[in-house]
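Trainee:
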Amino acid sequence: MCGIVGYVGAQDAAPILIEGLNRLEYRGYDSAGIAVIQRGQLKVRKVSGRVADLQADLPARFKGAPGIGHTRWATHGEPTVDNAHPHVDSAGRIAVVHNGIIENAEELRAKLQADGVEFTSQTDTETVAHLVAAAFRTGGAEDLEQAVRYALRQVVGAYGIAVVDTEHPDRIVVARNGSPVLLGIGEKEMFVASDVAALVGHTRQVVYLDDGELATITAGGYRTFTLDARSTAKTPSEVDWDVVGAEVGDHAHFLVKEIAEQPRSIERALRGRLDERFNTAHLGGLNLTVREAREFRRVKILGCGSACYAGDLGAQLIEDLARMPATSESASEFRYRNPVVEPDTLYVAVSQSGETVDTLAAVQELQRKGGRVIGIVNVVGSTIARQVDGGIYIHAGPEMSVAATKSFTSTVVAFALLAVHLGRMRDLAPTEGRRILDGLVALPGQIEQILDDEKRTGTIEAVAREIAQRPSVLFIGRRRGWPVAKEGAQKFKEVSYVHAEAYASAELKHGPLALVSPELPTVACVPDDDLHEKNVSTLAEIRARKGPVVALAHRELSAELADRTIVIPQSEPELDPILMSVPLQLLAYHAAVALERDVDRPRNLAKSVTVE
Ligand code: G6P
1 MCGIVGYVGA
11 QDAAPILIEG
21 LNRLEYRGYD
31 SAGIAVIQRG
41 QLKVRKVSGR
51 VADLQADLPA
61 RFKGAPGIGH
71 TRWATHGEPT
81 VDNAHPHVDS
91 AGRIAVVHNG
101 IIENAEELRA
111 KLQADGVEFT
121 SQTDTETVAH
131 LVAAAFRTGG
141 AEDLEQAVRY
151 ALRQVVGAYG
161 IAVVDTEHPD
171 RIVVARNGSP
181 VLLGIGEKEM
191 FVASDVAALV
201 GHTRQVVYLD
211 DGELATITAG
221 GYRTFTLDAR
231 STAKTPSEVD
241 WDVVGAEVGD
251 HAHFLVKEIA
261 EQPRSIERAL
271 RGRLDERFNT
281 AHLGGLNLTV
291 REAREFRRVK
301 ILGCGSACYA
311 GDLGAQLIED
321 LARMPATSES
331 ASEFRYRNPV
341 VEPDTLYVAV
351 SQSGETVDTL
361 AAVQELQRKG
371 GRVIGIVNVV
381 GSTIARQVDG
391 GIYIHAGPEM
401 SVAATKSFTS
411 TVVAFALLAV
421 HLGRMRDLAP
431 TEGRRILDGL
441 VALPGQIEQI
451 LDDEKRTGTI
461 EAVAREIAQR
471 PSVLFIGRRR
481 GWPVAKEGAQ
491 KFKEVSYVHA
501 EAYASAELKH
511 GPLALVSPEL
521 PTVACVPDDD
531 LHEKNVSTLA
541 EIRARKGPVV
551 ALAHRELSAE
561 LADRTIVIPQ
571 SEPELDPILM
581 SVPLQLLAYH
591 AAVALERDVD
601 RPRNLAKSVT
611 VE
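Once you know that position 346 of the sequence shown is 346 in the working numbering, the rest is easy, because the numbers rise by one and skip nothing.
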């Protein structure tokens with residue numbers, strides 16, 4: 001979690017660091033800090049709170065470069081000023097920012113304390129600052145690279161770090177092991193960050209470090225090497241994100257901006273992938289020959305949070321269209337189960353950020369056992385994207401709000417393409433392939449319609465205001481509506497802090513019906529499909545117990561069945577869940593706004609969960 005940014009060049013670092021931290025704040029936001037070298041002296045400023053507080057606290061004379069900055073999501077120690085990064089050695093020479101967890105921090109701390117080092121924080125990171133200083137004092141290091149290598153050889157754990165040294169004021173040394181670090185190449189200046197979002201606006205040329213790699217960056221360039229000082233060769237990549245995608249613009253929040261972007265993000269997910277001639281999908285990045293793809297008998301999908309729920313919908317699409325058994329599971333559970341890995345199963349890892357530690361660990365466990373894993377990922381060049389054997393980039397652009405929206409719908413679109421691709425190699429008829437492709441192409445216009453209807457009528461906002469006042473909300477759905485309900489409940493609770501729970505409609509009788517009363521609103525997915533009558537019976541059961549009902553449906557339901565109907569356009573039945581998800585995103589958004597929540601940065605959460 002946590003974000004790192006660094007700058008070396010002729011400009012003052014502070015404004016660049018603050019801008020980068022603002023873009024990274026979704027990674028963690030309980031404290032923030034920056035350090036710059038000003039005429040051979042280290043200047044450090046830290047706050048407990050947001051980047052905006054840090055910016056407000058920064059004196060005008062906070063000048064100089066290089067500099068490093070950090071926004072934190074606390075793991076070791078409370079989010080106090082002392083525990084905020086950067087951490088500095090006792091002589092005030094070395095400053096360090098760090099993402100990840102140093103597992104042997106206690107042991108290192110005890111050793112350093114025995115040597116007389118005094119600690120000023122409870123963090124694991126501070127040990128690195130003291131170790132780098134000790135490398136110069138007693139370890140025989142002559143330059144910063146050597147000193148950082150000396151320090152890291154003693155460290156066990158995951159890190160992405162950036163280090164500055166007043167004695168080497170022309171450089172930043174960075175290192176990666178399990179926590180992302182990338183270099184941004186500018187004109188006579190260099191940047192470093194944990195996340196590409198911090199670099200948009202400065203450069204599109206980036207270099208991703210691999211685990212076990214370090215780099216020294218100066219205004220003139222960079223050099224990469226390993227812990228045992230062997231040089232490594234890197235090829236810069238081009239980033240396709242633009243600065244507009246990473247800025248809130250005229251919108252009140254990133255969340256509502258990203259909801260509104262979905263027509264365009266879905267178009268990008270489809271671009272170049274529709275094969276009109278054979279009524280299938282082109283997915284060149286899968287790196288699978290037809291023969292290989294046909295040999296798979298099953299599909300297993302792994303992800304966390306919204307990525308997992310998108311995977312639930314993906315599994316249904318693959319079963320429906322490719323007629324292959326498919327299931328989705330939380331990657332965090334899967335990785336600890338000592339899973340049976342089968343050669344005829346195609347594994348799919350889903351991750352917006354491409355950095356979620358549990359999903360990455362699941363991929364690594366699968367690959368260790370010989371499993372073939374493809375990814376459905378948003379962030380190009382991210383760790384999971386580089387770890388998998390092939391995949392589909394969803395090209396949703398930067399998603400800055402913690403709650404996933406456009407990445408969710410674009411992931412489901414990618415699954416629809418994958419399902420058609422696998423299906424058309426098997427028994428999916430060309431006309432059926434065509435039906436789904438036409439349905440996909442129509443989605444952007446239909447989402448526009450949902451957004452326009454809401455602008456015109458304000459129905460969803462009105463419903464949100466009402467149900468936000470209740471202590472709890474139930475979300476229900478059947479078959480494809482069930483993952484929609486899960487994602488709807490997740491969105492609702494994470495941004496509004498109102499308890500929300502999702503149930504498969506048929507399970508209602510097995511427990512939660514006991515909760516139904518005039519106090520508990522139910523949000524129900526009621527698509528016009530072959531299960532419509534069953535859904536209607538469920539609503540009748542709820543209404544018989546005086547439970548308020550908000551229905552998501554393709555036509556207005558009678559007052560006996562629902563107090564309010566949110567009417568949405570109809571797609572192909574397999575794709576309806578994509579459209580149904582959009583009003584539920586708006587419902588969560590408006591409830592959060594009504595309750596004056598921190599919409600884009602819900603308490604205790606972070607966008608990419610890179611620690612266990
Ligand atoms: C966090 C975020 C969720 C997200 C999940 C998986 O919990 O708050 O919105 O769905 O991580 O993230 P990923 O980047 O792997 O999709």
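Backbone N, C-alpha and C define an ideal beta-carbon position, used for all residues, glycine too.
Taking one C-beta from the stretch 338 to 345 and one from the stretch 431 to 447 each time, how about it: are there three or more such pairs within less than 8 angstroms?
Mentor: When Cβ pairs closer than 8 angstroms are counted between the two stretches, the stretch 338 to 345 is seen not to touch the stretch 431 to 447, the count staying below three.
Trainee: With a threshold of 6 angstroms on Cβ separation, who are the neighbours of residue 419 within its own chain once the five nearest residues in sequence on each side are excluded?
Mentor: 317, 318, 321 and 322
Trainee: Considering residue 564, what are the terminal residues of the beta strand (DSSP E) in which it resides?
Mentor: 564 to 567
Trainee: By the 10 Å Cβ neighbour count, where 16 or more other Cβ atoms means buried, how is residue 438 classified, buried or exposed?
Mentor: exposed
Trainee: Taking its Cβ as the centre, do 16 or more other Cβ atoms sit within 10 Å of residue 86, making it buried, or is it exposed?
Mentor: buried
Trainee: Taking 8 angstroms as the threshold, find out whether the stretch 500 to 515 comes into contact with the stretch 454 to 463 through three or more Cβ pairs.
Mentor: no
Trainee: What would DSSP say about residue 71, mapped onto helix, strand or coil?
Mentor: strand
Trainee: In terms of residue numbering, what span does the alpha helix (DSSP H) encompassing residue 308 cover?
Mentor: Per DSSP, the continuous alpha helix (DSSP H) segment holding residue 308 begins and ends at 306 to 322.
Trainee: What are the boundary residues of the alpha helix (DSSP H) that residue 455 is part of?
Mentor: 430 to 457
Trainee: May I ask you to check if the CB of residue 473 is nearer than 7 angstroms to at least one heavy atom of ligand 1?
Mentor: no
Trainee: Which value, in whole angstroms, describes the spacing of the CA atoms of residue 103 and residue 524?
Mentor: 45 angstroms
Trainee: Looking at residue 410 and ligand 1, is the gap between the Cβ and the nearest heavy atom below 7 angstroms?
Mentor: Flag unset: Cβ of residue 410 not near ligand 1.
Trainee: Could you tell me which residues DSSP pairs with residue 559 in its beta bridges?
Mentor: Paired residues: none, contrary to the question.
Trainee: Can residue 4 and residue 97 be called in contact, C-beta distance under 8 angstroms?
Mentor: yes
Trainee: In the stretch 35 to 72, which residue ranges form an unbroken alpha helix (DSSP H) of at least 4 residues, counting only runs that do not cross its ends?
Mentor: 51 to 57
Trainee: Under the assumption that residue 304 contacts residue 359 (Cβ atoms under 8 angstroms), give the Cβ distance between them as a whole number of angstroms.
Mentor: Rounded, the Cβ-Cβ distance is 6 angstroms, consistent with contact.
Trainee: What are the boundary residues of the beta strand (DSSP E) that residue 472 is part of?
Mentor: 472 to 477
Trainee: Quick check: does the Cβ of residue 607 come within less than 7 angstroms of any heavy atom belonging to ligand 1?
Mentor: yes
Trainee: State the start and end residues of the unbroken alpha helix (DSSP H) segment that holds residue 542.
Mentor: Where residue 542 is concerned, the enclosing alpha helix (DSSP H) stretches over 532 to 544.
Trainee: Between which two residues does the alpha helix (DSSP H) harbouring residue 580 extend?
Mentor: 576 to 594
Trainee: Could you check if residue 243 is buried or exposed, using at least 16 other CB atoms within 10 Å of its CB as the buried criterion?
Mentor: exposed
Trainee: Between residue 372 and residue 557, what straight-line distance do the alpha-carbon atoms span, to the nearest angstrom?
Mentor: 46 angstroms
Trainee: Using the Cα positions of residue 574 and residue 480, report the straight-line distance between them to the nearest angstrom.
Mentor: Those two C-alpha atoms are separated by around 8 angstroms.
Trainee: Quick one: what's residue 613 bridged to in DSSP?
Mentor: Nothing about residue 613 can be read from this structure; the chain reaches only from 1 to 612.
Trainee: Considering only residues of the stretch 6 to 30, which uninterrupted beta strand (DSSP E) runs meet the minimum length of 3 residues and lie entirely inside it, listed in chain order?
Mentor: The stretch 6 to 30 contains no complete beta strand (DSSP E) run of 3 or more residues.
Trainee: I'd like to know whether the C-beta atoms of residue 140 and residue 99 end up nearer to each other than 8 angstroms.
Mentor: For residue 140 and residue 99, no; Cβs fall outside 8 angstroms.
Trainee: Are the CB atoms of residue 147 and residue 132 within a distance shorter than 8 angstroms?
Mentor: yes
Trainee: Between residue 552 and residue 30, what straight-line distance do the alpha-carbon atoms span, to the nearest angstrom?
Mentor: Rounded to the nearest angstrom, the two C-alpha atoms are 37 angstroms apart.
Trainee: Between residue 200 and residue 246, is the Cβ-Cβ spacing less than 8 angstroms?
Mentor: yes
Trainee: Hey, would you say the C-beta of residue 414 is under 7 angstroms away from at least one heavy atom of ligand 1?
Mentor: no
Trainee: Sort out for me which residues DSSP pairs residue 237 with in a bridge.
Mentor: The secondary-structure analysis by DSSP pairs residue 237 across a beta bridge with 206.
Trainee: Taking the alpha-carbon positions, what's the residue 307 to residue 403 distance?
Mentor: 11 angstroms
Trainee: Just how far apart, CA to CA, sit residue 227 and residue 375?
Mentor: 29 angstroms
Trainee: State the Cα-Cα distance for the pair residue 162 and residue 328, rounded to the nearest angstrom.
Mentor: 37 angstroms
Trainee: Looking at the unbroken beta strand (DSSP E) that takes in residue 176, where does it start and where does it end?
Mentor: 172 to 177
Trainee: Quick check on residue 529: does DSSP put it in helix, strand or coil?
Mentor: coil
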